[in-house]
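Enquirer: Each residue of the sequence shown is one higher than the last, beginning at 182 in my numbering.
Let me begin by handing over the structure; questions about it come next.
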Amino acid sequence: MVSRVIPVDPFDLVIFGGTGDLARRKILPGLFRRFCSGQMPAEARIIGAARSDLDADGYRTMVADAIAEFGGKTLAECGQLPAFLEALDYVMIDARGDQGWAELKTKIRANVITAYYFSVGPGLFGDIAKRLNSWDIADADSRIVVEKPFGRDLASAKELNASLAAEFDETQIYRIDHYLGKETVQNLMAIRFGNLLFEPLWNAQYIDHIQISVAESVGVGGRGAYYDKSGAMRDMVQNHLMQLLCLIAMEPPSKFDPDAVRDEKLKVIRALQPVAPHEMVRGQYGPDGDDPSYREDAGDARSFTESYVALKTQIANWRWSGVPFYLRTGKRLKARTSEIAVVFKELPHSIFEESGDQTQNVLAIQLQPNEGITLDVTIKEPGPGGMRLAHVPLDMTFAETLGDDAEEAPDAYERLIMDVIRGNQTLFMRGDEVEAAWAWTDPIIESWVDRHDVPKVYEPGSTGPEDALALLHRDGRKWRDLAP
Ligand code: NAP
182 MVSRVIPVDP
192 FDLVIFGGTG
202 DLARRKILPG
212 LFRRFCSGQM
222 PAEARIIGAA
232 RSDLDADGYR
242 TMVADAIAEF
252 GGKTLAECGQ
262 LPAFLEALDY
272 VMIDARGDQG
282 WAELKTKIRA
292 NVITAYYFSV
302 GPGLFGDIAK
312 RLNSWDIADA
322 DSRIVVEKPF
332 GRDLASAKEL
342 NASLAAEFDE
352 TQIYRIDHYL
362 GKETVQNLMA
372 IRFGNLLFEP
382 LWNAQYIDHI
392 QISVAESVGV
402 GGRGAYYDKS
412 GAMRDMVQNH
422 LMQLLCLIAM
432 EPPSKFDPDA
442 VRDEKLKVIR
452 ALQPVAPHEM
462 VRGQYGPDGD
472 DPSYREDAGD
482 ARSFTESYVA
492 LKTQIANWRW
502 SGVPFYLRTG
512 KRLKARTSEI
522 AVVFKELPHS
532 IFEESGDQTQ
542 NVLAIQLQPN
552 EGITLDVTIK
562 EPGPGGMRLA
572 HVPLDMTFAE
582 TLGDDAEEAP
592 DAYERLIMDV
602 IRGNQTLFMR
612 GDEVEAAWAW
622 TDPIIESWVD
632 RHDVPKVYEP
642 GSTGPEDALA
652 LLHRDGRKWR
662 DLAP
């Protein structure tokens, strides 16, 4: 297949927090890859903005180092680093003061798209939004991009939304959930809504249950003190797992348009049932030889924050009535893997005598480490010897058909940034979606606090606490293997 890269229009992108970890690891290497692919036009400008005492050349050196460290093989093959660095500029700015804003204003060009990426802690979102307007830097066509975490509960999310809404229209606000930028997540929508095949089966009559697993093999490490203030429910379930659940469960939107898609996602979140105490399990990883336990990593020997959570929820509507959605995520588990599995019901009757293990069809959407979609189907084992059945995964990503295009698919961040420039909000969370997600999450977290729930200790390198296995066993089901 021939690659089709359509350049975006010229833009000025200001990265507040342009010296930070996220900018160096993801945003800038991602932009460089878009530059190499020809999607970022030569007229585009990227302006780093932070308090660090740098000039434009100092910033270019910092970015070149970041690309060397995090840019992967693109750097070696592209040969366009000097041209990319030319597109960079830097402003020393204080988000909470007056320094740098007048200078930033002089650097923003008229007649190009302007986007402001808030790659800073959420405590600065309101300050930056306010100053962009009071210094008359942004206009009605400007876009702002905000990072997670978007609040730590419903009240703080509302506050953040209000501080942004006071300065910008919702159509200008791009709330990033990088899971939505993954190729496979978008492919999931193509498979669901671009084929007739699945829709008739996509309901409680044919689907037994759905599992969403996001497992990490590493612990919280140096981020322990920060992580301890959130935990797996706030850090992963409220945003990433919730977004994946929405895409699996939503009704077909009338068109592939930002609000049509987001309206349907919102309906799913609002139809989510509360989770009863016996339907959730929390855990903390224990020590592993010399490796510290969660509590040691968090620096709090009495921490009650979970590094693992598993739960069962249901969606109260006609399509999903009675279909359990099992969600789990955790750190220091057996493997680093993220998967959505749609497990279909068993055959009502098998006509084959030697059918082997009765398996169910499973549509498995793998998000990491390798992106891909497989459909487990039953076929005849090839060759003579009668009718023996085999169960094989059918590759639905067709990496071979797509060839290099599949391999060089953009990373989630760069894809989302290009969507910001194109003005396409489909893969970004709307304010009401985020609030609805917190409205579902808050009572769960509050119930843990009220009950003084103590997370179960689990063995590092395992699949999580034993109780999480029981969550499915009770229903006559089991978790899928956490295979990378
Ligand atoms: P970080 O490494 O601490 O960087 C923060 C940035 O903000 C730095 O560039 C810092 O630069 C700048 N900054 C801080 N105070 C400032 C002020 N008063 N005025 C202007 N600039 C200021 O944080 P990060 O890891 O990059 O994270 C940034 C955001 O992305 C956070 O909201 C985080 O939750 C989110 N996020 C990060 C990741 C990740 O992998 N890192 C993943 C998902 C979401 P100076 O010190 O030079 O001012």
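In this text, a Cβ means the ideal position worked out from N, Cα and C, and glycines have one as well.
Here the structure is a predicted model, which is why all the values come from computation and not from measurement.
Just curious, the alpha helix (DSSP H) that Q424 is in, first and last residue?
Expert: 423-430
Enquirer: Smallest Cα separation from E397: which of D416, R215, D634?
Expert: D416
Enquirer: Across the stretch 361-380 and the stretch 645-659, are there enough close Cβ pairs to call them in contact, namely three or more that are closer than 8 Å?
Expert: no
Enquirer: In whole angstroms, what is the alpha-carbon distance linking L698 and R356?
Expert: The chain is shown from 182 up to 665; residue 698 falls before or after that span and cannot be answered.
Enquirer: Rounding to the nearest angstrom, what Cα-Cα distance links Q495 and A457 in this structure?
Expert: 11 Å
Enquirer: Does A653 come out as helix, strand or coil in the three-state DSSP assignment?
Expert: Sequence inspection shows Leu at residue 653; the Ala mentioned does not correspond to that position. Residue state, collapsed to three classes: helix.
Enquirer: Please go through the same chain and pick out, in chain order, the residues whose beta-carbon is closer than 7 Å to the beta-carbon of D613, but skip the five residues on each side of it.
Expert: L447
Enquirer: Please determine, among E562, F216, L575, the residue with the shortest C-alpha to C-alpha distance to Q261.
Expert: F216
Enquirer: Given a threshold of 16 other Cβ atoms within 10 Å of its Cβ, counted over all protein chains shown, does P665 qualify as buried or as exposed?
Expert: Looking at its Cβ environment, which holds fewer than 16 other Cβ atoms inside 10 Å, P665 is exposed.
Enquirer: For L377, count neighbouring C-beta atoms within 10 Å of its own C-beta (all shown protein chains included) and say buried if the count is 16 or more, exposed if not.
Expert: exposed
Enquirer: Using DSSP with H/G/I as helix, E/B as strand and the rest coil, what is I187?
Expert: coil
Enquirer: Could you tell me which residues DSSP pairs with V490 in its beta bridges?
Expert: Residue pairing of V490 in beta bridges, as defined by DSSP: R463, T510.
Enquirer: In the stretch 247-288, which residue ranges form an unbroken alpha helix (DSSP H) of at least 4 residues, counting only runs that do not cross its ends?
Expert: 255-259, 262-267, 282-288
Enquirer: Given that a residue counts as buried once 16 or more other Cβ atoms are within 10 Å of its Cβ, and exposed if not, what is E588?
Expert: At E588, the pLDDT of 46 sits below 50, so the modelled position is not reliable; the number obtained from the coordinates is stated separately. Result: exposed.
Enquirer: Could you give the residue range of the alpha helix (DSSP H) that holds G211?
Expert: 209-218
Enquirer: Alpha helix (DSSP H) containing D439: first to last residue?
Expert: Per the sequence presented here, residue 439 reads as Pro, with Asp not at that position. Note, P439: alpha helix (DSSP H), 439-452.
Enquirer: Taking 8 Å as the limit between beta carbons, can you name the residues of its chain near D279, skipping five residues before and five after?
Expert: none
Enquirer: Taking 7 Å as the line, does the beta carbon of P303 fall inside it for any heavy atom of the ligand NAP?
Expert: yes
Enquirer: For my contact list, I450 and A346 are in at a C-beta cut-off of 8 Å; report their separation, rounded to the angstrom.
Expert: Not quite, the Cβ-Cβ distance comes to about 20 Å (not below 8 Å), so this is no contact.
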